[in-house]
Structure formats: C-alpha cells, structure tokens
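Taken in order, the sequence shown gives residues 425 to 1241; the numbers are from my numbering.
Just so it is clear, CB atoms sit at the ideal spot from N, CA and C, and this is done for glycine as well.
None of the values given here were measured: they were computed from a predicted structure.
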Amino acid sequence: MAYFDFTSFEVSFQQYVKYVLGKPLDEATKKDQLNAVCYAVGKYLMDIHFDTRKRYEKNKAKQVYYLSMEFLIGRLLSNNLLNLGIFDPCARFLKKQGIDLETLVEEEQDPALGNGGLGRLAACFLDSLASLDMPGYGYGINYDYGLFRQTIVNGYQQERPDYWPNRSSPWLIRRSEEKYVLPIYGKIEERQDKNGHYKPMWTRKKLFIGRPHDIMIAGHRGRTVNRLRLFSAAASKDFDIDIFNDGDYIKAVKRKIQSESVTKILYPSDSKETGKELRFIQEYFLVACAIRDIIRKFEKQHSDFETFHDHVAIQLNDTHPALAVAELMRILVDEKKLVWETAWDVTVKTLAFTNHTLLPEALETWSVYILNKVVPRHLQIIFEINQRFIARVKERFGPDNHEMIAKMSIIQEGDEQKVRMANLAIIGSHSVNGVAKIHSDLVKKQLVPEFYSMWPEKFNNKTNGVTPRRWIVACNPELAKLITDAIGRRWIADLDLIWELEAFQNDPGFLERYGAVKQANKQALADYIRDTVSETVDPLSIFDIQAKRIHEYKRQLLNLLHIMHLYLTVKEDKKDIGPPRTFIFSGKAAPGYHTAKLIIKLIHNVAHAVNTDPAVNRQLKVIFLPDYRVSLAERLIPAADVSEQISTAGMEASGTGNMKFAMNGALTIGTLDGANIEILEQVGKENMYIFGLDVDEVAALRPNYQPKEYIEKDDRLKRVIYALRSDRFSPSEPGIFRSLYNSLMSPGDSYLNFADFIPYVAAHQAIANDYQQPEKWSTRALMNTARTGFFSSDRTIKAYADEIWGIRAQIREKDLW
Ligand code: 26W
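#1: Just tell me which of Leu775, Asp734 and Ile1061 has its CA closest to the CA of Leu747.
#2: Considering just the uninterrupted stretch of the beta strand (DSSP E) at Asp951, what are its terminal residues?
#3: The ligand 26W and Gly1079: does any heavy atom of the ligand fall closer than 7 Å to the residue's C-beta?
#4: Between Val817 and the rest of its own chain, which residues show a CB-CB distance below 7 Å, the 5 nearest in sequence each way excluded?
#5: Roughly how many whole angstroms lie between the Cα atoms of Lys760 and Pro800?
#6: Please state the DSSP three-state secondary structure of Val686.
#7: Am I right that Glu494 and Gly562 are in contact with their C-beta atoms under 8 Å? What's the rounded C-beta distance?
#8: If you reduce the DSSP assignment to three classes, tell me which class Leu631 lands in.
#9: Which term fits Asn900, buried or exposed, when burial requires 16 or more other beta carbons within 10 angstroms of its beta carbon?
#10: If you draw a straight line from the C-alpha of Thr1203 to the C-alpha of Ala927, how long is it?
#11: Rounding to the nearest angstrom, what Cα-Cα distance links His1188 and Ile718 in this structure?
#12: What residues are listed by DSSP as bridge partners for Met597?
#13: Which full runs of the beta strand (DSSP E) of 3+ residues lie inside the segment 1118–1153, going along the chain?
#14: Based on the DSSP output, what are the partners of Phe1009 in its beta bridges?
#15: Provide the residue span of the beta strand (DSSP E) that contains Pro607, from first to last.
#16: Is the distance from the Cβ of Ile922 to the Cβ of Gly1108 below 8 Å?
#17: Kindly indicate the opening and closing residues of the beta strand (DSSP E) around Ala1064.
#18: At a threshold of 7 Å, does Asn539 count as lining the ligand 26W (C-beta to nearest heavy atom)?
#19: So Val843 packs on Val792, CB below 8 Å; how close in whole Å?
#20: For Pro901, which of helix, strand or coil comes out of DSSP?
#21: Which same chain residues, not among the five before or five after Asp534, have their C-beta less than 7 Å away from its C-beta?
#22: Can you tell me whether DSSP reads Leu1240 as helix, strand or coil?
#23: Please report the straight-line C-alpha distance between Glu1227 and Asp769, rounded to a whole angstrom.
#24: Would you kindly check if the distance between the Cβ of Ala750 and the Cβ of His802 is under 8 Å?
#25: Is Met988 near Ala1147, with beta carbons less than 8 Å apart?
#26: How is the beta strand (DSSP E) around Lys842 delimited, first residue to last?
#27: Using 7 Å as the cut-off, classify the Cβ of Lys861 as near or not near the heavy atoms of the ligand 26W, replying yes or no.
#28: Just reading off the alpha helix (DSSP H) that Ala657 is part of, what are its end residues?
#29: Please confirm if the segment 538–556 is in contact with the segment 690–699, defined as three or more CB-CB distances below 8 Å between the two stretches.
#30: Could you pull the DSSP bridge partners for Thr743 from this structure?
#31: Taking the CB atoms as reference points, tell me whether Ala464 and Phe430 lie closer together than 8 Å.
#32: So for Phe1161, helix, strand or coil by DSSP?
#33: In whole angstroms, what separates the C-alpha of Glu684 from that of Asp568?
#34: Pull up the CB-CB distance for Tyr1184 and Ile1070, whole angstroms please, since I reckon it's below 8 Å.
#35: Can you give me the Cβ contacts of Ala426 inside the same chain, cut-off strictly under 8 Å, excluding the 5 residues immediately before and after it?
Have a look at this one:
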C-alpha cells in the first residue's frame, strides 16, 4: 500500500488549484477539485511507475505489449485510489476541505475509447498485469471522439458525439518531446544495394506523425504502475514546410487536417467490418507507432534482433492490429537487415493472436487496392509471406489441393482481391486463442479447421476474466466490505479464496447482511432510474437486467417476447404472474444497424404500454437506461437479481458481463453459450437458470428451422407474435415493427428466437417461484459470489503469461519474503 502523507497531499492539492489553475482555493469548482485530486494522486502513480521501470530494467524482464484498437478503461479516480490503498485517507482529507469524495468521483467523465467487450477486456487485462507485478503495457489510440453518446428521442436512439477531453484529462500525460514519423501512400521502386541485394525503396511517400500519451495503470497494493500508451496523429512539420515553401498554403493546411483526422474518431461498430480507408489507416497507425516504440525500448537494452522474441511478446487483440505481422517483418528485413527466414522466425515467435468473434460479418478483409495505395511495402511483404506459406500448404496437403489453398491463402480471390486479416494473423503468430472453451473449440472446428489441421499446437483457449478490483471492490463497496469482514482481504489479490464464503451459506445473519447489501444497491438504482428516466420502480421487485450492445444474436428480442407474454397474461388473462418484476435494458446499437435500432424502439414501446397501464404496472415495469457505459455498468451490476445472458448458442464468444453479474450475486438466466458454460461448471446448475438449445442442437436445427411450427404449438407465443403484428405496441406508428416480425417469422432467422421461447418462459417461471423464498435465493446468490473466483482476469493473465508470453512477475525485493 502506498503511504498517504496528509500534508504533502494537501500541498499538492492546493498548489494545483492556486498555481496551475490560477484560482484561490475557495473559487475552485467541482471540476477544479477533481483535477486537483487527480494531480495529487498522479504524483503517487508517477513515483511508483519510475520505480517499476527501474525494476524491470534491472531484471532485464521480458515484456508483453497488448495491441488493441480499443481500451474501455472507465473512470480512474476511485480505482486508482483503491489500488494504491489510499481511498479512505483521501476521503478523510477531502472531507476536511468540505468535499465529498463520492460526489467528486461522479464528476469524472468516462473515457469511452471502446465499443464493448473487446475494449473492456483489454482494460481488465491491464489492471491484472499491474496487480500481478507483470511487465505488460497497452498500446492504443487516443481518439478525440470516443464511442457516441446515446440519447433517446421518442423511443429512437440518437447518436451524439462524445468528445473526450483528451487534451485536458488529468490522467493523460502528453509526451510532447516524443514522436514517430510514419510513411504512408507512395510507390515501391525495385532497387539493388551496392552488393546487388534486393532493396526496395518506398518513394513519393507522405509522412505523418504519431504522438504518445500515457495513462498510468496502478496495480492492486500500489506496488506496480504500468502504462497504457495512446497515440494521436498529427501532421509532419517537415513535410508541411515543403508545401508551405512551395507557396500552396491551402494545400498544406488541408494536409495537416487530413493527418490529424486519423485519430479523430472511434468506429462505432462492434461486429461489422466497415471497409473504410480511414479505419484501415487507423489500424496501420496503431501498429506503426506501437512497433516503433517497442523497438526503441528494446534497443535501449539489447542490440541483437535475432533474440527479439526472448525479450518481447506482442498480443494482437483481434485482427485489428494484424498488420503488425507485416510491419515487424518490414522493420526486421528492411531496416535491421535480418535475412527473411530469420526475420520470419522472430516475428512468429513474437506475435500471438486472440480471436473474439465467430460472426462472419466481423471477419476483417481489406482490399488489395487499399493496401497498395496506403502501405505498398506492406502489401509486397504480405504477398511474399503468402507465397512462402502456400508452398508449405502444398507440401502438407498436396500440390493440387486447390480447395485447401483457396481457403488458407491470405489473399481472397474474386472480383476484387482482398487481404484476409485473420489468415495473416494466424500465419504470423505462434499462438491463436479463443476466449472461452466452447469458443476456442469452434475456432478450431468451424472457423479455421484447415489451419487447425496444419498447426494444432498453435491453437489454445484462454477463458476471459474480469478484474475484481473494479467489478467488486470499486463498484460494490458494501459487498466488498462484507466479504472482507468474513474472510479477510486476501481475496482481492487472489479471487480463488472467495470460495471461503461458502462456509456462510447456512448462516442466517450473514445471509441477511448479504441480502441487505443487494437491497441497498437496488434502492440506489431505483433512485437513479427515477432521476434519469423519471420512472418509479419497486425496489422489492425482481431486478432483471440485460445490459450489453444491442444485437440480434444477443437476443434482446427474446427477452421482449417474454415480457410481452407477461404483459398479456396480466392484461388479458387477468392472471397473477408472481412477484413483481422490473426488466431493465441498457445498450447501444451501432449507428448503421437498423434492426438493432428498431429493437431499441420496440423496448420503449413495450415499456410505454406496460408502465402506463395501471392494470399491469404494479406487477411489471420495463426500463431502458440510455447511454450504457462503464460507469452505468458499475451501477447496474451490483443491483441485479437476474442476469440475462441469452445469446443463440455458438454466437457469443465468451461474454464478460455474465461474469460481473454472477460475482455480484445475480442469478444467471442463460443459454449454453460462451463462458456461461464455464460459469455453470463453477456455480452449479442449482444456482443458475440454463435453458434452450446447445451449440450442436442449434447447428442441427438451423437448416430445418420452421418458426411457424412453434407458433402452432404454443398459444402464448402465437398471442405475442400476433400482438406484435397487429401494432398493439405501435398504435400511432402502424407497421413500424413489421420487419422485426418478418425476421422472427422467417425460417432464415439465424438466431432461432422461437426455438428457445418455451424453455425461456419456463426458466422465468422458475425464477419467479424461487424468488419467493428470500433466504434460499440469498444462499444461491451467495454461491454465485463464492464460486466465481475462476473468472478473475488475474487467472486469465497468468495463463497468457505462462503459456503464451513467457513473462514473469517482477516482485519488489521488499515483498519477496
Ligand atoms: C471490425 C469491426 C469489429 C470491431 C470489434 C468487429 C469485431 C469487434 C469485436 C471483436 C467485437 C467484440 O467486442 N467481441 C466480444 O469480445 C469479448 C471479449 O473477448 C467477448 O466476451 C464477447 O463475447 C465478444 O462478443
């Protein structure tokens, strides 16, 4: 734990307000106070960071670099204070100044530098690396605009820009003296050097630059502070000066704007490849900056590039940074003068690749045309890699096995040649992993079986995890306190120990306290709902939450079908549906994803019908909370009784929200998909509601799926679907949901909504029954908390470190005993 020096903290705080902001103390606004506290905390981070770096350098420790287009880090103040172990003293200090820390924390804007699961996972991994004292750094992009802010107008999603004040964020350190100059566009001229060796020249290229910005990442117990390095694009001065000197002022300014636009905005799709040149340039930009930075650091301590992989591991977070394969080869061959074979060996041993999705529409391909235009030398290298690779495919599968060659080639032939980024990443990496057991199996069997048969040893699984520091300690402090009072505080560093809570499963006093924590969290969420969407909800009702991106495969529609069924049961049949229920949705739809946006509208219309009907609204409420983001997740998750994880089996790679909800004592209603399967293994079927088709059943049913059969079989479903078609939920806008109706009714509905409807309703009935025995419910919720130790991202990171990266903890000497 860092030592909190009251006086020096006070000095830092006051000096910041007075001399940096230039204000007398009593004129400081909330924002000023927040910045001043962050500044004072930043000093701790910096000191520990210097110490950490020295330790790594002294030990010549192997480092891992996590390359990701997204880092969804969330607010940092309370997390940093908690990890440094100075939360309470800092709160006391502020209280003396008349400032409430809890309120101040809410002033911080959420940096929204990610779309969803993939970006949040990257952030959890950084927390775990630092908490395990491991040398691991993130590399990403310092977007000016993060993921859009979502507002709702008449039930429809609207997108608003989310300017991240990256120029003024108190956590972001601008390294104005450092920059990388990057070539782009131009042509390759085939030349030879004086020894007659092939020496390609990248000519007529343009230059732009990448500037690093650092965010300190504090590990639990304040022993290690690593960093996340985010790059902003800028115009290259040298280049501009040429044009300025040529007298074309307007052209020069245009070029400057073009260069800066590269890191303007995060692309807001989490599942669909865009094919836009600017996105490709962003991917190149990240890779080019990161690899240069990694090499610069390597060269501080080493010179022999043949041993690069002994000192450096690079993880590719999905295919977005897959160009790293070509960039590393380019540097090793063109600049460091390694022979091709050696450079290739080093590259493959350095790189590792994680796949996060099986959805075919998310598999990135980039046209050869774009690569040739933007990075001609890289394209050349990719063709060379491919040629050599295809020779090996022929050796392995026979020279005439054209089918195999066509499938495995990096280049996809057709009207337009395309580069398959997944193939490039697999061929250029020594490790390929999926993110949950079932997903990793499907990667091998379904996604790339050819590659699996060629290199079975490359393929492995690393089931995702989440950091208990943010997802229990910071977001659910009362639960954390209860756990610590019961079993001591070591569980925060070693979540496996949390199983010791099982000893309290028959302890009425403990269960009562555990239930009271949940109740208080529900009350807080009810207040938030009142304040944000002006709805009152019964805090004693079942809080049933589905919070995640809106996507057909995640089946928010299935959830809605069930809610409509409950509504009709109360309204038409005048039947009692058991304990009152509050269904809460939250999530963003990609701006161009019309169906997902329509699902949001339907949620609102069903909510309106339910919430405004006095015959129903004491038993049922439906809430949509706009602008789902990390800070909102931190409110929702601790308050959930039921966690909805209902994707069509085989479509959710892992899920990580499922883990966070379970840890915080929500019972999961879920399909046998992604990490739900492993949650089931851990918590036991008596503590979960599993329903629906499994992966094999889905595969068997798909070709024969006849939605009408399910309607004929089940009157409840028939009534629901009839209500949808007859504009019962859209009386003033008839027909707006027709496309949703049509896709649900189509044999081509790949999400098989109707096939799981009946078992889903049954599972909800079981929930309603069980909830009426509060003590039993609390025990089962407690079992979820006690048995989810496996889902700490510390466990995941240890496995990556041992099995892929070959990095080790670098523990301080004083902690070694
Ligand atoms: C090219 C556009 C694009 C952007 C992002 C395509 C695909 C993505 C991501 C791979 C989508 C994503 O976030 N995947 C999620 O990754 C999580 C972390 O591993 C998993 O838990 C989720 O199941 C998976 O959907």
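Reading it off the structure:
#1: Within the sequence shown, numbered from 1, the residue matching residue 747 stands at position 323. That would be Leu775, whose Cα lies nearest to the Cα of Leu747.
#2: Within the sequence shown, numbered from 1, the residue matching residue 951 stands at position 527. Where Asp951 is concerned, there is no enclosing beta strand (DSSP E), although the alpha helix (DSSP H) it sits in stretches over Pro932 to Val957.
#3: For the purposes of this step, residue 1079 is identified with residue 655 of the sequence shown, where counting begins at 1. At least one heavy atom of the ligand 26W is nearer than 7 Å to the Cβ of Gly1079, so yes.
#4: Translated into positions along the sequence shown, residue 817 becomes position 393. For Val817, where only same-chain residues beyond five positions count, the Cβ hits under 7 Å are Met828, Ile829 and Met832.
#5: Here residue 760 corresponds to residue number 336 of the sequence shown, with the count starting at 1. Here residue 800 corresponds to residue number 376 of the sequence shown, with the count starting at 1. Between Lys760 and Pro800, the C-alpha separation is close to 19 Å.
#6: Counted from its first residue, the sequence shown places residue 686 at position 262. Residue state, collapsed to three classes: coil.
#7: Along the sequence shown, read from residue 1 onward, the residue named residue 494 stands at position 70. Along the sequence shown, read from residue 1 onward, the residue named residue 562 stands at position 138. With a Cβ gap of about 10 Å, Glu494 and Gly562 do not count as contacting.
#8: In the sequence shown, the residue the question calls residue 631 occupies position 207. Looking at Leu631 - three-state DSSP - the assignment turns out to be strand.
#9: Counted from its first residue, the sequence shown places residue 900 at position 476. Answer is buried; the Cβ neighbour count reaches 16.
#10: Translated into the one-based positions of the sequence shown, residue 1203 becomes position 779. Translated into the one-based positions of the sequence shown, residue 927 becomes position 503. Looking at the two C-alpha atoms, the distance is approximately 11 Å.
#11: Your numbering for residue 1188 matches position 764 in the sequence shown. Your numbering for residue 718 matches position 294 in the sequence shown. Spanning the two alpha carbons is a distance of roughly 51 Å.
#12: What you label residue 597 is simply residue 173 of the sequence shown in a count that begins at 1. Rather than Met, the amino acid found at residue 597 in this sequence is Ile. Looking at the DSSP assignment, Ile597 forms a beta bridge with Asp638.
#13: none
#14: If you number the sequence shown from 1, residue 1009 lands on position 585. Under DSSP, the beta-bridge partners assigned to Phe1009 are Gln970 and Phe1048.
#15: In the sequence shown, the residue the question calls residue 607 occupies position 183. Here the beta strand (DSSP E) through Pro607 covers Tyr604 to Ile608.
#16: Here the question's residue 922 lines up with position 498 in the sequence shown. Here the question's residue 1108 lines up with position 684 in the sequence shown. No.
#17: The residue given as residue 1064 occupies position 640 in the sequence shown. Run containing Ala1064: none; DSSP gives neither H nor E here.
#18: Along the sequence shown, read from residue 1 onward, the residue named residue 539 stands at position 115. Answer for Asn539: yes, Cβ within range of the ligand 26W.
#19: For the purposes of this step, residue 843 is identified with residue 419 of the sequence shown, where counting begins at 1. For the purposes of this step, residue 792 is identified with residue 368 of the sequence shown, where counting begins at 1. Rounded, the Cβ-Cβ distance is 6 Å, consistent with contact.
#20: On the sequence shown, residue 901 is found 477 positions in, with the first residue counted as 1. Here DSSP, grouped into helix, strand and coil, assigns Pro901 to helix.
#21: Position 110 of the sequence shown, counting from 1, holds the residue named residue 534. Gly498, Arg499, Arg1053, Val1054 and Ser1055.
#22: Stepping through the sequence shown from its first residue, residue 1240 is reached at position 816. Residue state, collapsed to three classes: coil.
#23: Taking the first residue of the sequence shown as 1, we reach residue 1227 at position 803. Taking the first residue of the sequence shown as 1, we reach residue 769 at position 345. Near 18 Å, if we compare the C-alpha coordinates of Asp769 and Glu1227.
#24: Position 378 of the sequence shown, counted from the first residue, corresponds to residue 802. Position 326 of the sequence shown, counted from the first residue, corresponds to residue 750. For His802 and Ala750, yes; Cβs fall inside 8 Å.
#25: Along the sequence shown, one-based indexing puts residue 988 at 564. Along the sequence shown, one-based indexing puts residue 1147 at 723. In contact: Met988 and Ala1147 (Cβ atoms closer than 8 Å).
#26: Start at 1 with the first residue of the sequence shown, and residue 842 comes out as number 418. Lys842 to Arg844 is the span of the beta strand (DSSP E), which, as asked, contains Lys842.
#27: The residue you call residue 861 lines up with position 437 of the sequence shown. No, Cβ of Lys861 sits at least 7 Å from all heavy atoms of the ligand 26W.
#28: For the purposes of this step, residue 657 is taken as the residue at position 233 of the sequence shown. Careful: Ala657 lies outside any alpha helix (DSSP H), inside the beta strand (DSSP E) at Val649 to Ala659.
#29: yes
#30: As a working mapping, residue 743 is identified with position 319 in the sequence shown. Its beta-bridge partners do not exist; DSSP assigns none.
#31: Taking the sequence shown and counting its residues from 1, the one referred to as residue 464 is at position 40. Taking the sequence shown and counting its residues from 1, the one referred to as residue 430 is at position 6. It is not a contact, given that the beta carbons lie outside the stated cut-off.
#32: Taking the first residue of the sequence shown as 1, we reach residue 1161 at position 737. Three-state DSSP puts Phe1161 in coil, outside helix and strand.
#33: Taking the sequence shown and counting its residues from 1, the one referred to as residue 684 is at position 260. Taking the sequence shown and counting its residues from 1, the one referred to as residue 568 is at position 144. Whole-angstrom Cα-Cα distance: 10 Å.
#34: As a working note, residue 1184 is residue 760 in the sequence shown. As a working note, residue 1070 is residue 646 in the sequence shown. About 7 Å separates the two Cβ atoms, so the contact holds.
#35: Looking up residue 426 in the sequence shown gives position 2. Excluding sequence neighbours, Ala426 sits near Tyr468, Ile472, Leu508, Gly509, Ile510 and Gly646.
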